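A.B. asks: Attaching a single structure in structure tokens format; questions to follow.
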Amino acid sequence: MFGLERKSEIINILERAGKVDVNSLAERFGACKETIRRDLRELEKEGVIKRTHGGAVLNVSTSKTAQVEFPVSVREIQRYEEKLVICKRAAAMIADGDTIFVDNSSTTIYLLRYIPKDIHVCIITNSLKLLLEAVQVHNPNLQFICLGGVFKESNMSFSGTIPQRIAKDYYPSKAFLSCASITEQQMLTDSSAAEVDTKRMMIERSQSVIILADYTKFLRMGQIFLADFSSIDSIITDNKTDLSALDYLKKYKTELIVIK
């Protein structure tokens, strides 16, 4: 197991159990104790955990009501496998010649990996992290337009009035975004006031809006209204999502795509 996947699973365990110990993690992952200690040191440095004698605990509450905005370097490894399968399905919705909005969420970062190399796509984004991912993917048929603006290091993204003004000039075929939560109050919420207006502009200008949301997005409440369901065409989620809790979606034309 790679370090990224291992740290992702450590966070998942902490969210479920609240604490971990080095010995059990070493046994679980088939890794030496020093490797686990290094993972815990890195997670502590990123502000996710607090190390304890022989283990670690979460640094903050992760209850349904508490919304903590971790840096994108942390969020991108949370529920890593779920994000990959969601992005793979989302990429299948992209067609040759599409112009698309992609937001600065930690989920959409992985979308580029699955866009076929034989189609031409123009991607408009406020995410520096996505642009760095583009360098790694190296797909010459992808064209990028960076919305610019005020740089926020923790999110590796641009915000403010500049990206909103630039985004307003485009009418993409699709927008791929994520959010903090999808609620029973028939709305999507977010946790970053700095970027929510840019996301709203992406939703307003796009012909089709696709939300990428792992199972935890249905369990929490964000702080800031993003959009109501009437603005959303599709929601893609993983098979850990409790579908029995999503009956309220039947009132809307929003397509729910569950990855089996």
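Position one of the sequence shown corresponds to residue 22 (my numbering), numbered consecutively onward.
From the three backbone atoms N, C-alpha and C, an ideal C-beta is built for every residue, glycine too.
Only a predicted model underlies this, so the values are computations on that prediction, with no experimental measurement involved.
Hey, quick one: how far does the beta strand (DSSP E) through M208 stretch, first residue to last?
C.D. replies: Numbered from 1 along the sequence shown, position 187 holds the residue referred to as residue 208. 208-211 is the extent of the beta strand (DSSP E) around M208.
A.B. asks: Tell me whether the beta-carbon of T146 lies closer than 8 Å to the beta-carbon of C167.
C.D. replies: As a working note, residue 146 is residue 125 in the sequence shown. As a working note, residue 167 is residue 146 in the sequence shown. Yes, Cβ-Cβ distance for T146 and C167 is below 8 Å.
A.B. asks: First and last residue of the beta strand (DSSP E) that includes I280?
C.D. replies: On the sequence shown, residue 280 is found 259 positions in, with the first residue counted as 1. First-last of the beta strand (DSSP E) with I280: 276-280.
A.B. asks: Checking the sheet assignment: what are the DSSP bridge partners for K195?
C.D. replies: Against the sequence shown, residue 195 aligns to sequence position 174. In the DSSP output, where bridge partners are listed per residue, K195 has I121, S229.
A.B. asks: Please state whether the Cβ-Cβ distance between I278 and S255 is less than 8 Å.
C.D. replies: Along the sequence shown, one-based indexing puts residue 278 at 257. Along the sequence shown, one-based indexing puts residue 255 at 234. Yes, the pair counts as a contact, with Cβ atoms nearer than the cut-off.
A.B. asks: What whole-angstrom Cβ distance do F165 and F172 have, given they're in contact under 8 Å?
C.D. replies: Residue 165 sits at position 144 when you count from the first residue of the sequence shown. Residue 172 sits at position 151 when you count from the first residue of the sequence shown. That pair is no contact at about 16 Å.
A.B. asks: Which residue comes first and which comes last in the beta strand (DSSP E) that contains Q164?
C.D. replies: For this step, residue 164 is matched to residue 143 along the sequence shown. Unbroken beta strand (DSSP E) run through Q164: 163-167.
A.B. asks: Helix, strand or coil for I136, going by three-state DSSP, please let me know.
C.D. replies: As a first step, residue 136 must be located in the sequence shown, where it is residue number 115. Assignment of I136 by DSSP, reduced to helix, strand and coil, places it in the coil class.
A.B. asks: To the nearest angstrom, how far is the alpha carbon of R110 from that of I140?
C.D. replies: The residue labelled residue 110 in the question sits at position 89 within the sequence shown. The residue labelled residue 140 in the question sits at position 119 within the sequence shown. For R110 and I140, the distance between alpha carbons rounds to 16 Å.
A.B. asks: Indicate the three-state DSSP secondary structure (helix, strand or coil) for D254 in the structure shown.
C.D. replies: Within the sequence shown, residue 254 is the residue found at index 233, counting from 1. Correct three-state label for D254: coil.
A.B. asks: Can you list, in chain order, the residues of its chain with a C-beta nearer than 7 Å to that of D60? Leave out the 5 residues immediately preceding and following it.
C.D. replies: The residue labelled residue 60 in the question sits at position 39 within the sequence shown. So the qualifying residues of the chain are G24, R27, K28, I31.
A.B. asks: Kindly indicate which residue of L46, L163, K271, I70 has the alpha-carbon position closest to the one of Y135.
C.D. replies: Indexing the sequence shown from 1 puts residue 135 at position 114. Checked all of L46, L163, K271, I70; the closest Cα to Y135 is L163.
A.B. asks: From the DSSP secondary-structure annotation, give me the bridge partner or partners of K104.
C.D. replies: Numbered from its first residue, the sequence shown carries residue 104 at position 83. Answer by DSSP bridge pairing: none, since K104 is not bridged.
A.B. asks: Between which two residues does the alpha helix (DSSP H) holding T56 run?
C.D. replies: On the sequence shown, position 35 is the one that residue 56 refers to. Unbroken alpha helix (DSSP H) run through T56: 54-66.
A.B. asks: Report the CB separation of M223 from A188 in whole angstroms; it is logged as a contact under 8 Å.
C.D. replies: Numbered from 1 along the sequence shown, position 202 holds the residue referred to as residue 223. Numbered from 1 along the sequence shown, position 167 holds the residue referred to as residue 188. So it is a contact: roughly 6 Å between Cβ atoms.
A.B. asks: Express the C-alpha separation of V106 and T129 in angstroms, rounding to a whole number.
C.D. replies: Locating residue 129 in the sequence shown gives position 108, where the first residue counts as 1. Locating residue 106 in the sequence shown gives position 85, where the first residue counts as 1. CA-CA distance, T129 to V106, rounds to 11 Å.
A.B. asks: Nearest by alpha-carbon distance to A77: which of G51, L35, I115 is it?
C.D. replies: Counting from 1 along the sequence shown, the entry for residue 77 is found at position 56. For A77, the nearest C-alpha among the options comes from L35.
A.B. asks: Pull the bridge partners of S180 from the DSSP assignment, please.
C.D. replies: What you label residue 180 is simply residue 159 of the sequence shown in a count that begins at 1. Its beta-bridge partners are V171.
A.B. asks: Which residue marks the beginning of the beta strand (DSSP E) containing L16, and which one marks its end?
C.D. replies: Past the boundaries of the shown model lies residue 16; the chain is included only from 22 to 281, so the question cannot be answered.
A.B. asks: When DSSP labels each residue in this structure, what does T219 get in the three-state scheme?
C.D. replies: Residue numbering aside, residue 219 sits at position 198 when the sequence shown is read from its first letter. In the structure shown, T219 sits in a helix (DSSP, three-state: H, G or I).
A.B. asks: Taking just the CA atoms, how far does I203 sit from K238?
C.D. replies: As a working mapping, residue 238 is identified with position 217 in the sequence shown. As a working mapping, residue 203 is identified with position 182 in the sequence shown. C-alpha separation (whole angstroms): 6 Å.
A.B. asks: Between which two residues does the beta strand (DSSP E) carrying S202 extend?
C.D. replies: For the purposes of this step, residue 202 is identified with residue 181 of the sequence shown, where counting begins at 1. Here the beta strand (DSSP E) through S202 covers 202-204.
A.B. asks: Name the DSSP beta bridge partners of F246, please?
C.D. replies: Residue numbering aside, residue 246 sits at position 225 when the sequence shown is read from its first letter. Paired residue(s): T210.
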